[in-house]
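Trainee:
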Amino acid sequence: MGSAIAANAVLAQSAMGQGGSGGAKIPTAVIGVGNRGSHLLRGVLEQANTKVVALCDIKPDRLDKAATSAAKDSPKTYSDWRKVIDRKDIEAVFVATPPNLHSEMAIAALQSGKHVYCEKPIGVTPRQVQDLVLAAQASDRVFVSGQQLRSYKQLNEAVAKIRAGVMGKIVMVKAQRHATADLPYDGSSGDWYYDVNKSGGYLVEQSVHNLDACNWVVGEHPKRVSGYGGMLMHPNEPVGRTIFDSGTLSYEYPSGVIMSFTQNVFHPRGMPGGGQPLMVFGTKGAVDFLYSTNFYPIGGDGKPTQLSPQVKEPTHAHITAFYDCITKGSPNPAGIMEGATGALTAIMGHMAMVKQGQVDWIDLGVNF
Ligand SMILES: NC(=O)c1ccc[n+]([C@@H]2O[C@H](COP(=O)([O-])OP(=O)(O)OC[C@H]3O[C@@H](n4cnc5c(N)ncnc54)[C@H](O)[C@@H]3O)[C@@H](O)[C@H]2O)c1
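Be aware that the sequence shown starts at 9, since it is given in the working numbering, and climbs by one per residue.
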């Protein structure tokens with residue numbers, strides 16, 4: 009990603025006077041102002057160097073609510089996202105629509121010269137991901153994927169220590185995403201989430217965060233996966249459901265690291281072993297990565313040392329990082345390749361569960 013950082017430094021110069029030290033604010037649009045989009049909107053409004061000039065959603069009630077919360081910036085509202093892209097004055101676009109729309113919208117925004125913050129997963133098919141990678145690589149604009157764990161200070165420090173060799177060579181990862189229930193069937197995203205063609209499925213829509221964190225720690229993306237999954241607990245609930253509710257996957261990385269991942273939406277509250285632990289095993293010991301960054305040495309007395317202290321992570325650190333990339337040329341915490349490999353790790357896992365067998369990275373047909 010060295011070239012992306014260099015490109016950002018060039019942008020930093022051109023952005024002076026547009027959110028840089030010159031004081032003018034970066035004209036920003038948010039497309040999709042549902043649950044996540046309205047959270048992102050709050051984050052954009054909190055930045056000192058931004059102005060929300062456009063909001064877009066196909067649901068008028070959401071658009072009204074968002075316009076009210078952004079009233080200080082008097083944004084124009086749209087139901088047609090292409091009209092937002094067509095506006096020449098807009099410099100930054102947030103895409104927070106359902107996952108199957110991300111790639112097309114982000115590509116259009118990049119091609120019209122806008123910086124893009126695109127929610128995860130950046131696509132739900134290998135083709136969508138590949139097309140977006142090509143568009144981002146052809147653009148000199150900033151692209152940030154909404155994998156916000158990558159902006160957590162504590163995790164960044166832990167990864168730096170792991171890279172420096174504190175736990176020796178990584179050989180195995182055990183991770184999971186167990187929820188106590190499905191998302192509400194009549195909730196904010198209920199009209200697309202249960203349709204696998206729109207969300208990509210539970211693994212792609214939700215576990216992409218956890219799988220990306222595994223890739224981050226290991227330092228590469230897997231080369232193959234075997235998986236089994238299904239609608240084991242909630243077949244046809246809600247009616248027409250096409251996403252799985254559970255699955256178990258085994259990934260292998262090019263370096264030989266093996267990773268075991270499970271997902272479900274029926275881990276009873278209070279029963280041990282739930283949640284989203286991510287444990288990394290190395291030749292010198294193991295790290296409880298996501299929860300504590302505690303390191304347990306092999307042969308130790310059971311008392312861990314914490315790799316990096318817990319800090320109160322700023323709620324909108326990832327959004328601040330996006331604007332810092334634009335105005336200061338700061339390193340991108342989750343650029344196109346992090347977004348692409350995270351999404352594809354999940355998509356490959358979903359394909360394996362559908363096949364009830366093995367899928368190789370090479371089967372995805374992407375050229376990276
Ligand atoms: N990074 C995170 O931690 C995080 C958390 C939650 C959701 N998300 C992601 O954010 C995205 C949105 O999720 P959500 O929970 O906010 O869903 P949501 O349904 O609440 O919001 C999506 C919004 O997009 C709008 N929309 C749909 N089609 C549109 C179109 N053609 N043009 C304009 N607007 C359109 C919908 O009307 C809706 O208001 C998903 O990709 C999800 O994975 C990320």
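A virtual CB, placed ideally from N, CA and C, is assigned to each residue, including glycine.
Keep in mind it's a predicted model, so treat the numbers as computed, not measured.
To the nearest angstrom, how far is it from the Cα of Lys292 to the Cα of Gln162?
Mentor: 21 Å
Trainee: When you compare only the Cα positions, how much space is there between Thr353 and Asp65?
Mentor: 29 Å
Trainee: For Met279, which of His186, Thr105, Lys59, Lys91 has the nearest alpha-carbon?
Mentor: His186
Trainee: Within 10 angstroms of its Cβ, does Ser153 collect 16 or more other Cβ (buried), or is it exposed?
Mentor: buried
Trainee: Along the beta strand (DSSP E) that carries Arg232, what are the first and last residues, could you check?
Mentor: 232-238
Trainee: Scan the region 58-94 and note each continuous alpha helix (DSSP H) run of 4 residues or more that stays entirely inside, going in chain order.
Mentor: As far as the region 58-94 is concerned, its whole alpha helix (DSSP H) runs of at least 4 residues are 68-77, 89-94.
Trainee: Nearest CA to the CA of Ser147: which residue from Leu118, Gln156, Ala172, Val174?
Mentor: Nearest option by C-alpha distance: Leu118.
Trainee: Rounded to the nearest angstrom, what separates Val374 and Leu140 at their Cα positions?
Mentor: 11 Å
Trainee: On the DSSP letters alone, give me the boundaries of the alpha helix (DSSP H) that Thr353 sits inside.
Mentor: 344-363
Trainee: Ser29 to Ala329, Cα distance in whole Å?
Mentor: Low local confidence applies: a pLDDT of 43 at Ser29 is under 50, so the model's placement there is unreliable, with the coordinate-based value given in what follows. The straight-line gap from Cα to Cα measures roughly 16 Å.
Trainee: With respect to the beta strand (DSSP E) encompassing Asn302, which residues constitute its N-terminal and C-terminal limits?
Mentor: 302-305
Trainee: Would the beta-carbon of Gly40 be found less than 7 Å away from any heavy atom of ligand 1?
Mentor: yes
Trainee: Enumerate in chain order the residues of its own chain whose CB-to-CB distance from Ala144 is below 7 Å, with the five nearest sequence positions on each side excluded.
Mentor: Leu118, Phe151, Ile344
Trainee: From the DSSP output, in three-state form, read off Glu406 for me.
Mentor: The structure shown has nothing for residue 406, since the chain only spans 9 to 376.
Trainee: Going by the C-beta, is Gln284 closer than 7 Å to any heavy atom of ligand 1?
Mentor: no
Trainee: Give the C-beta separation of Leu49 and Val41 to the nearest angstrom, bearing in mind that I take them to be a contact with Cβ-Cβ under 8 Å.
Mentor: 6 Å
Trainee: Between which residues of its own chain and Lys363 is the CB-CB distance below 6 Å, once the five residues before and five after are set aside?
Mentor: none
Trainee: Nearest by alpha-carbon distance to Lys33: which of Asp332, Asp368, Ala189, Thr349 is it?
Mentor: Asp332
Trainee: State the start and end residues of the unbroken beta strand (DSSP E) segment that holds Val124.
Mentor: 123-126
Trainee: In whole angstroms, what is the alpha-carbon distance linking Tyr160 and Glu321?
Mentor: 6 Å
Trainee: Taking DSSP as the reference, what is the three-state secondary structure of Asp220?
Mentor: helix
Trainee: Between the region 201-211 and the region 241-261, are three or more C-beta pairs nearer than 8 Å?
Mentor: A contact exists between the region 201-211 and the region 241-261.
Trainee: What do you get for Lys122, buried or exposed, if any count of 16 or more other CB atoms within 10 angstroms of its CB means buried?
Mentor: buried
Trainee: Taking buried to mean at least 16 other C-beta atoms within 10 Å of its own C-beta, is Asp81 buried or exposed?
Mentor: When all chains shown are included, Asp81 counts as buried.
Trainee: Taking the beta strand (DSSP E) that His186 falls in, what are its first and last residues?
Mentor: 178-186
Trainee: Out of curiosity, what's the CA-to-CA distance linking Asn43 and Leu71?
Mentor: 12 Å
Trainee: Starting from the C-beta of Phe303, find all residues in its chain whose C-beta is less than 7 Å away, skip the five residues before and the five after it, and write them out in chain order.
Mentor: Val174, Met175, Gly293, Val295, Pro312, Thr313, Leu315
Trainee: Is the distance from the Cβ of Pro106 to the Cβ of Pro129 below 8 Å?
Mentor: no
Trainee: If I follow the unbroken beta strand (DSSP E) through Asp371, where does it start and stop?
Mentor: From DSSP, Asp371 is part of no beta strand (DSSP E); its letter is neither H nor E.
Trainee: For Pro246, which residues from the same chain have a beta carbon less than 8 Å from its beta carbon, with the 5 sequence-adjacent residues on both sides left out?
Mentor: Tyr193, Gly198, Tyr202
Trainee: First and last residue of the alpha helix (DSSP H) that includes Gly45?
Mentor: 43-54
Trainee: Near Val103, what residues of its chain come up, given a Cβ to Cβ distance below 8 Å and the 5 sequence neighbours on each side ignored?
Mentor: Ile39, Gly40, Leu109, His110, Met113, Ala114, Ala117, Val124, Tyr125, Cys126, Glu127
Trainee: Leaving out five residues on either side along the sequence, give the residues of the same chain with a beta carbon under 7 Å from the beta carbon of Gln214.
Mentor: Counting only Cβ-Cβ distances below 7 Å, and skipping sequence neighbours, we find Arg185.
Trainee: Do the CB positions of His242 and Asp190 come within less than 8 Å of each other?
Mentor: yes
Trainee: Kindly indicate which residue of Leu240, Arg171, Ala37, Pro262 has the alpha-carbon position closest to the one of Val273.
Mentor: Leu240
Trainee: On the three-state DSSP scale, how would you describe Met113?
Mentor: helix
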